[in-house]
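Structure, as structure tokens:
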Amino acid sequence: MLQIETSRGNIYYSEELIKNIVAISAMECSGVVGMANRNVKEGIGEILKNNNINNGVKISFADKKININVFVIVKYGIKVSVIANDVIQKIKYSIENYAGIVVDSITVNIQGIRVES
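In our numbering, the protein residues as written are 5 to 121.
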């Protein structure tokens, strides 16, 4: 649970809420086809179903700032660096504007590439 102090009182954010914002923001980016499980031990990432997309996000809090690791599967044919930068910008905007939490770092982990026929 993350606590933010304001002049009017305290705001408490659950980890689940923050992960939802991050996952939905990442999924809205062009070139992202799905979230991948962050605990994949093998080299092949599997796309998570909509009710499990939070498993593709890892967050940690330090000094009222958030560090985010997001695990995605991308579409073949789009430059990976462009997709990663879009994901970073979208997540940063969403967290800072919707929740008012300062983002310290965002790491995008590409777990796989989906080739669509």
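Just so you know, even glycine gets a beta-carbon here, dropped at the ideal spot from N, CA and C. Source: prediction; values computed, not measured.
Determine the contact status of residue i and residue j, defining contact as a CB-CB distance below 9 Å.
{"i": "N71", "j": "F65", "result": "yes"}
{"i": "V26", "j": "I87", "result": "no"}
{"i": "V74", "j": "V112", "result": "yes"}
{"i": "M39", "j": "N56", "result": "yes"}
For residue i and residue j, I'd like the C-alpha separation in whole angstroms.
{"i": "E32", "j": "Y16", "result": "26 Å"}
{"i": "L21", "j": "G81", "result": "32 Å"}
{"i": "I28", "j": "M5", "result": "20 Å"}
{"i": "A103", "j": "G116", "result": "30 Å"}
{"i": "G35", "j": "I63", "result": "23 Å"}
{"i": "I110", "j": "I77", "result": "16 Å"}
{"i": "I92", "j": "Q7", "result": "23 Å"}
{"i": "V37", "j": "S11", "result": "41 Å"}
{"i": "K69", "j": "K79", "result": "31 Å"}
{"i": "K83", "j": "A30", "result": "16 Å"}
{"i": "N101", "j": "D67", "result": "18 Å"}
{"i": "N41", "j": "D90", "result": "20 Å"}
{"i": "I114", "j": "E9", "result": "35 Å"}
Answer with buried or exposed for residue i, where buried requires no fewer than 16 other C-beta atoms within 10 angstroms of its C-beta.
{"i": "G60", "result": "buried"}
{"i": "K94", "result": "buried"}
{"i": "V119", "result": "exposed"}
{"i": "G13", "result": "exposed"}
Cutting at 7 Å between CB atoms, please list the residues of its own chain near residue i, excluding the five before and the five after it.
{"i": "E46", "result": "With a pLDDT of 46 at E46, under the threshold of 50, the modelled position of that residue is not reliable, and the figure given next carries that caveat. If we look at E46 and ignore the five residues flanking it on each side, it has no Cβ neighbours."}
Any heavy atom of the ligand PLP inside 8 Å of the beta-carbon of residue i?
{"i": "E9", "result": "For the structure depicted, the ligand PLP is absent and the ligand set is empty, with no information on it obtainable."}
Give every residue of the same chain whose Cβ lies closer than 8 Å to the Cβ of residue i, excluding the five residues on either side of it in the sequence, and list them in chain order.
{"i": "K96", "result": "V107, I110"}
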